[in-house]
Amino acid sequence: MCRRAVSISRVVFREIYPWPNLTLALAKKIRQALKETAGVIRLEAGLAQEQKKSPVVVLCLGSMEVPGDSLGPRVGSQLEQTLPQYPVYGTQLEPLDSSNLHSKLEQLNIEHPGALHLAVDAAVGSWLTVGQVSVRKGPLIPGIGLGIALPPVGDVSITAVVKPRRYHLLCQLVNNCRIKPERWAEILSKLIADSIQQALEPGNMFTVPHDPAD
């Protein structure tokens, strides 16, 4: 597999919906993470901005067969419509899950060398963290809440806690979600599409990455 720009995750944003001004703050952090991580990738790969045909690939993990795990595919389907110029892996019709994750990662590294990987997934947490959305500079670990061993995914990753953990791991995602995936998908797909266009379109990218002052 190709190199990944960030091997250790660092949380750069974490708040619970409906925190006041959540969408504005979330959009800002997504844009910052995309810009800075894209700069790291370009420097590591020695790629000029004008050579990047696909600066980002979006990976939306999950399955429509499990209600609590359907956030990723829902986001992916909406992004396919709003960002047709960018590759999106994981939709309602073609989910990206444990059955095909390894092969898809190999495929996209061959087809989109040097592209930034933006990963989106649902998560479980405590009752107090349901509704929490996190942005990381670095990968997420899919399947960790269910004890499934899968490779880390993403140079930038976004997770939303849709359900609390329960004593039965297989039931925690199957039961109805407190935060509806449809609503999260609507919010996140809009923020992601806007952030990608503002952060990674030609003329908007940083040439040299830097850490945000805050």
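Numbering of the sequence shown is given in our numbering, commencing with residue 3 and proceeding in unit increments. Ideal placement from N, C-alpha and C gives every residue a C-beta, glycine not left out. Predicted, not measured: the structure shown is a model, and the values here were computed from it.
Unbroken beta strand (DSSP E) run spanning residue i, endpoints
i       : result
Asp-123 : 118 to 127
Ile-198 : First-last for Ile-198: 183 to 202, but that is the alpha helix (DSSP H), not the beta strand (DSSP E).
Ile-112 : From DSSP, Ile-112 is part of no beta strand (DSSP E) but of the alpha helix (DSSP H) over 103 to 113.
Val-135 : 134 to 139
Cβ-based neighbour list, residue i, same chain, cut-off 8 Å, excluding 5 preceding and 5 following
i       : result
Arg-33  : Ser-197, Gln-200 and Ala-201
Pro-183 : Pro-69, Gly-70, Ser-72, Leu-73, Arg-76, Ala-124 and Val-164
Leu-193 : Thr-25, Leu-28, Ala-29 and Ile-32
Buried/exposed call for residue i, threshold 16 Cβ in 10 Å
i       : result
Ala-40  : buried
Gly-116 : buried
Gly-149 : exposed
His-119 : buried
Trp-186 : buried
Cut-off 7 Å between Cβ atoms - residues of its own chain near residue i, not counting five sequence neighbours on either side
i       : result
Tyr-169 : Because Tyr-169 carries a pLDDT of 45, less than 50, the predicted location of this residue cannot be relied on, and no value is offered for it.
Endpoints, alpha helix (DSSP H) assigned at residue i
i      : result
Val-68 : Note, Val-68: premise wrong, no alpha helix (DSSP H); not H, not E.
Gln-94 : Unbroken run through Gln-94: none, as it is neither H nor E.
Which of helix, strand or coil DSSP assigns to residue i
i       : result
Ala-162 : strand
Val-60  : strand
Tyr-19  : coil
Val-14  : strand
Own chain residues within Cβ distance below 6 Å of residue i, not counting five before or after
i      : result
Leu-24 : Glu-17
Ser-79 : Thr-93 and Gln-94
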